[in-house]
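**Q** I'd like to ask you about the structure that follows.
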Amino acid sequence: MIGNDIVDLALARKESNWKRNRFLDKIFTAKEQLLIVDSQNPEIMVWNLWSRKEAAYKIYNRETGIRGYFPWQLECSYENEISGSVSIKGKTYFTKTIISKEFVHTIAVVKKDNFDTVKKLNSNDTIIKSNGIPFIIDEQTKLIKPVSISHHGRFWEGITLID
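Here the numbering used here is used: position 85 in the sequence shown is 128, and no number is missing along the way.
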């Protein structure tokens, strides 16, 4: 399984005031809030942790069928600005994050080895959805392959795992 999330930093600055009263309390655990407060760049840390939670949620939703808004149940373990994990209800997902001046993009996987088999999709690839869950059909094997799609503002990312 795979998940990903991308945050357009310009759009996030425009639409989300993460400094407003209780914003952090609604999304981040006390441990995560300490990471934000202690960070050299708190704004980037907010979107880094948020994108990790969103990417992991996409796997959790696919595995369990549970949908909802419960970001504080997804807890980030932060190794460094690019690596970490996210845990929820006994499940752990591993994350890798890319940070640029324009976006924050996180990929989440079930096993660390899966990072070696991540394949980027093109926006013109044929992606099918069933019950809101995206997938592609492998042209060679004709098997259904899970994909993760994320778009925010100017950015779109689609990924899958190769066999």
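Quick reminder that beta carbons are idealized off the backbone N, C-alpha and C, glycines included.
#1: What does the alpha-carbon distance come out to for the pair Asn157 and Ile70?
#2: Going by CA-CA distance only, name the one from Gly46, Lys101 and Val147 that's closest to Arg197.
#3: So Thr149 and Glu124 are supposed to be a Cβ contact under 8 Å. How far apart are they, rounded?
#4: Is the distance from the Cβ of Leu52 to the Cβ of Glu145 below 7 Å?
#5: Given this structure, state the Cα-to-Cα distance separating Thr203 from Lys163, to the nearest angstrom.
#6: Return the Cβ separation of Gly201 and Val190 in integer angstroms, given the expectation that the two are a contact with Cβ distance under 8 Å.
#7: Can you grab the Cα-Cα spacing for the pair Ile180 / Ser128, in whole Å?
#8: By the three-class DSSP mapping on this structure, what secondary structure does Ser82 have?
#9: So, for Lys154: in the same chain, excluding its five sequence neighbours on each side, which residues have a beta-carbon less than 8 Å away from its beta-carbon?
#10: Measuring CA to CA, which of Ala55, Phe113 and Gly46 is closest to His243?
#11: Using the rule of at least 16 other Cβ atoms within 10 Å of the residue's Cβ for burial, across every protein chain shown, is Asn91 buried or exposed?
#12: Can you tell me where the beta strand (DSSP E) with Lys162 in it begins and where it stops?
#13: According to DSSP, is Thr169 part of a helix, a strand, or is it coil?
#14: Under three-state DSSP, which class holds Glu200?
**A** Looking at the atomic coordinates:
#1: 27 Å
#2: Val147
#3: Not confirmed; about 11 Å, so no contact.
#4: yes
#5: 7 Å
#6: 6 Å
#7: 29 Å
#8: coil
#9: Phe137
#10: As displayed, the chain neither begins before 44 nor continues past 206, which places residue 243 out of reach and without an answer.
#11: buried
#12: Val161 to Lys163
#13: coil
#14: strand
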